[in-house]
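Written out below as structure tokens is the structure these notes cover.
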Amino acid sequence: MKMFRALVYNIGFFGGTAVLLILALPLLAGPRHWTSALARFWARLTFAWLKLTIGLGYELRGRENLPAGPAILAVKHQSAWETLALFVLFDDPAVVLKRELWSIPLFGWYLRKQGTIAIDRSGKAAALKRMLADAGAVAAQGRQIAIFPEGTRGPVGGKLPYQPGVAALYTQLKIPMVPIALNSGLYWSRRAFLKRKGTVLVEILPPIEAGLDRRRVMALLEERLETATAALLKEGGWEKPVENSVDLFAPSP
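Number 192 in UniProt numbering belongs to position 192 of the sequence shown; there are no gaps in the numbering.
Given below as structure tokens:
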């Protein structure tokens, strides 16, 4: 049954996304907020489909901790789920993503138009400088910037090295950083076809105010984000210690 539900979800998701993007092509000729509205509609529609086919919902905690103005949303990354959730839970975020996604036919056109911030992970200093310039322009518009500090999806209960880009954003932009913990990997693991029904827990933690040095802010971010994530995993039924991280739906050896 899980396999069937996952298959139905994928057919509906990929087929529906393709049809929607084709029908919405005229929006690319309009202002950016048209594409942002489309992104919110697409993500909410996807979440409704996910709930219907898989039985997967979510619970958001700590919304009162979200600043009213520009901020850096530092999101734990366990799954593709939170990539969608950013457009449902937050108002018009600018997501930092790998530049290769801009090259995807059709889908990449919308990512560009929506105002995402692309980073070339092989470009090093020049790429970081370009990302900071783009992020500065976004912050000046009053928008919030969403970034995954680890740079890629990690296994459930695991912790990948935090990348320097998040600290560079914080020190350059001089705006608060908001850690966001979650346990999405319990239900939708990285590279997994199967998904589990349940409730993803998302917690917006108190912001780290602007003005700290790079070393201090990275230590605070990692400590707060990993501690809160471990607590949410435990609440969701995860019993293994952090160092025994796994892909829940990976094939058995």
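From the three backbone atoms N, C-alpha and C, an ideal C-beta is built for every residue, glycine too.
Proximity below 7 angstroms, CB of residue i to CB of residue j
i	j	result
Gln163	Gly154	no
Pro26	Ala74	no
Glu222	Pro176	no
Leu225	Pro161	no
Thr35	Gln144	no
Leu60	Leu86	no
Val202	Tyr170	no
Ile117	Asp134	yes
Ala29	Leu38	no
Residue interval of the alpha helix (DSSP H) (run including residue i)
i	result
Lys174	Here Lys174 belongs to no alpha helix (DSSP H), and DSSP marks it neither H nor E.
Ile104	No alpha helix (DSSP H) contains Ile104, which DSSP labels as neither H nor E.
Ala125	124-140
Given residue i as reference, the closest of the options once Cα atoms are compared
i	options	result
Arg5	Gly55, Ile208, Leu97	Gly55
Leu50	Leu101, Glu82, His33	Glu82
Gly157	Ile147, Arg216, Gly236	Gly236
Lys2	Ile147, Trp102, Tyr187	Tyr187
Ser103	Gln78, Leu52, Arg112	Arg112
Beta-carbon proximity list for residue i, same chain, < 8 angstroms, skipping 5 on both sides
i	result
Ser252	Any reading at Ser252 must be qualified, since the residue scores a pLDDT of 38, below 50, and its modelled position is unreliable; no value is offered.
Where the beta strand (DSSP E) through residue i begins and ends
i	result
Tyr110	Note, Tyr110: premise wrong, no beta strand (DSSP E); alpha helix (DSSP H) at 107-114.
Gly198	198-204
Neighbourhood of residue i by C-beta distance below 7 angstroms, restricted to the same chain and skipping five residues each side
i	result
Thr46	Phe13, Leu84
Pro207	Asn65, Pro67, Ala71, Pro176, Met177, Val178
Leu20	Trp42
Ala168	Leu128, Leu132
Residues near residue i by beta carbon distance below 6 angstroms, same chain, minus five either side
i	result
Gly16	none
Output the residue ranges of the alpha helix (DSSP H) runs that lie fully inside the stretch 31-99 and measure 4 residues or longer, sorted by chain position. 32-53, 81-89
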